[in-house]
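Participant: The numbers in numbering that gives the first Met the number 0 rise by one with no breaks, and the one at position 214 of the sequence shown is 213.
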Amino acid sequence: MKELTIRRPDDFHLHLRQGENMKKYAAASAASFSRALIMPNILPPVCDPAGLKAYRDEIQKSCEGFTPLMTFKILPHMKAEDIKPLKEAGALAGKLYPAGVTTNAEDGISSLDQIRDVLFAMEEEGLVLSIHGEDPNASILEREIRFLPQLEKLVSSYGKLKIVFEHISRRESLLFLNELPERVAGTITAHHLLYTLDDLMGAALKPHLFCKPVVKTEEDRQALAEAVLNGHSRLFFGSDSAPHLKENKENAVVSAGVFTSPILMPLLADFFEREGCLSNLEAFVSERGASFYGLPLNRETLTLRKESWMVPDLIGGAVPLLAGTELFWRVLP
Ligand code: DOR
Ligand code: ZN
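(1) Where do the ends of the alpha helix (DSSP H) carrying residue 92 lie?
(2) Could you check if residue 211 belongs to the surroundings of the ligand DOR, using beta carbon to heavy atom distance under 6 Å?
(3) Taking DSSP as the reference, what is the three-state secondary structure of residue 155?
(4) Around the ligand ZN, which residues pass a check of Cβ closer than 6 Å to any of its heavy atoms?
(5) CA-CA distance, residue 110 and residue 74?
(6) Could you say if the region 128 to 139 and the region 147 to 166 meet the contact criterion of at least three C-beta pairs nearer than 8 Å?
(7) Are the region 241 to 261 and the region 293 to 301 touching, with three or more C-beta to C-beta distances below 8 Å?
(8) In this structure, how does DSSP classify residue 327 when only helix, strand and coil are distinguished?
(9) Would you call the region 194 to 210 in contact with the region 316 to 330, where contact means no fewer than 3 C-beta pairs closer than 8 Å?
(10) Taking the beta strand (DSSP E) that residue 73 belongs to, which residues open and close that run?
(11) Would you check if the region 60 to 75 and the region 111 to 128 touch, i.e. whether three or more CB-CB distances between them fall below 8 Å?
(12) Return yes when at least one heavy atom of the ligand DOR lies under 6 Å from the C-beta of residue 20, else no.
(13) Do you know how far the Cα of residue 293 is from the Cα of residue 227?
(14) Tell me, please, which residues DSSP counts as bridged to residue 9.
(15) For the candidate residues 25, 277, 0, whose alpha-carbon lies nearest to that of residue 260?
(16) In terms of alpha-carbon separation, which member of 274, 289, 264, 88 lies closest to residue 2?
(17) Between residue 38 and residue 14, how many whole angstroms is the CB-CB distance? I'm expecting something under 8 Å.
(18) Return the residue from the list 189, 151, 200 that minimises the CA-CA distance to residue 177.
(19) State yes or no: is the C-beta of residue 186 nearer than 6 Å to some heavy atom of the ligand DOR?
(20) Got a sec? Which residues, its chain only, sit under 7 Å from residue 262 by beta carbon, not counting five neighbours each side?
(21) My output table needs one value for residue 274: the three-state DSSP class, helix, strand or coil.
(22) Just tell me which of 229, 53, 272 has its CA closest to the CA of residue 18.
(23) Alpha carbon to alpha carbon, what distance is there between residue 31 and residue 66?
(24) Only counting the same chain, and skipping five residues up and downstream in sequence, which positions put a Cβ closer than 6 Å to that of residue 171?
(25) Using only the heavy atoms of the ligand DOR, determine whether one of them is closer than 6 Å to the beta carbon of residue 137.
(26) Let me check understanding here. Comparing Cα to Cα, which of 274, 314, 332 lies closest to residue 302?
(27) Please work out which residues of its chain come closer than 7 Å, Cβ to Cβ, to residue 218, disregarding the five sequence neighbours upstream and downstream, and give them in chain order.
(28) Take the Cβ of residue 188 as the centre, count every other Cβ of all protein chains shown within 10 Å, and call the residue buried at 16 or more, exposed below.
(29) Return yes when the C-beta of residue 195 is under 6 Å from any heavy atom of the ligand DOR, and no when it is not.
(30) Could you tell me the alpha carbon to alpha carbon distance between residue 42 and residue 104, rounded to whole angstroms?
(31) Since residue 12 and residue 36 are thought to touch, with beta carbons under 8 Å apart, how far apart are those beta carbons, to the nearest angstrom?
(32) Just to confirm my understanding: we take residue 284, look at its own chain, exclude 5 residues before and 5 after, and list those with CB closer than 6 Å. What are they?
(33) Terminal residues of the continuous beta strand (DSSP E) containing residue 304?
(34) Looking only at its own chain, which residues have a Cβ that is under 7 Å from the Cβ of residue 280, when we skip the five neighbours before and after it?
(35) State the DSSP-derived secondary structure class of residue 264, mapped to helix, strand or coil.
(36) Go ahead and pull the three-state DSSP assignment for residue 206.
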């Protein structure tokens with residue numbers, strides 16, 4: 000196949016940061032995606048209506064024709080009354096970060112009891128609970144599995160709450176998701192579908208592939224790939240593209256986050272084509288996420304052509320994954 004045209008995709012998990020560089024990151028996403036669910040872990044966090052609107056305006060002004068879908072960060076001191084105004088300001092989801100689990104999550108949640116009323120209010124308002132599902136007290140490879148009992152508790156305690164288990168990275172998590180009700184879905188990133196610990200640090204340490212949750216074993220990768228390629232009904236695309244400045248990635252201490260937005264659709268088209276499942280790409284990137292969030296499907300299309308191009312070395316001070324290498328599908332403007 001020389002050209003591929005699909006319904007324009009959405010990215011249901013994106014970090015855009017702030018300021019001048021944000022414009023470049025937003026433009027890199029807007030080249031392929033119509034809408035993106037914007038993560039709230041900026042400084043200070045998106046956690047009230049004014050902050051949410053200001054951040055949305057900043058994104059919208061910087062990038063025409065791209066729709067930011069807003070989230071807020073759930074903080075330990077929040078009250079039930081804080082939730083309705085956030086929904087009225089346009090929030091679609093609240094993001095739960097266990098305290099200390101990742102970049103800018105020091106102010107996260109240390110016990111689910113802290114946010115009982117907030118979660119009841121979110122359930123009442125029909126807001127989605129988006130979860131970074133890792134237990135920061137567990138060992139690095141076990142963090143996601145150690146979070147599963149908490150996920151189960153959330154699902155059973157809030158009987159109507161819609162939940163997204165973000166960036167699933169383990170086979171066990173998928174098996175666990177399969178046993179949960181329809182109102183619980185998961186996002187999958189491109190990097191967890193394509194890479195493993197051996198890519199991260201088998202031959203040499205690749206800081207640009209370091210993220211939370213960390214990429215896992217080949218067995219895990221294969222389980223994710225099989226589920227996504229076969230059109231698992233409750234998995235949809237969320238890139239977790241998370242740019243950090245080059246100096247914070249090429250350093251003795253490396254920030255977690257993989258900057259993938261400039262290469263996502265070429266990578267995914269290549270992967271689905273190689274696996275003989277290109278016809279399942281559109282539902283993964285353009286349909287199931289919107290349906291889960293109750294959004295209309297995009298009417299516009301995106302065309303990719305088989306044409307090689309080089310991934311740039313730097314965008315907005317950040318090094319994209321696969322910088323300087325050749326990719327074989329190109330997104331047409
Ligand atoms: O690797 C990550 N980077 N994981 C996250 O959960 C946050 C993100 C970031 O903001 O850099
Ligand atoms: Zn993220």
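Ideal Cβ placement from N, Cα and C applies to all residues, glycine included.
Facilitator: Walking through what the data contain:
(1) Here residue 92 belongs to no alpha helix (DSSP H); instead the beta strand (DSSP E) covers 90 to 95.
(2) yes
(3) helix
(4) 12, 14, 38, 239, 241
(5) 11 Å
(6) yes
(7) no
(8) strand
(9) yes
(10) Where residue 73 is concerned, there is no enclosing beta strand (DSSP E), given that its DSSP letter is neither H nor E.
(11) yes
(12) no
(13) 21 Å
(14) 34
(15) 25
(16) 264
(17) 5 Å
(18) 151
(19) no
(20) 310, 319, 320, 321, 326
(21) coil
(22) 53
(23) 12 Å
(24) 144
(25) no
(26) 332
(27) 170
(28) buried
(29) no
(30) 10 Å
(31) 6 Å
(32) 8, 236
(33) 300 to 309
(34) 5, 267, 268, 271
(35) helix
(36) helix
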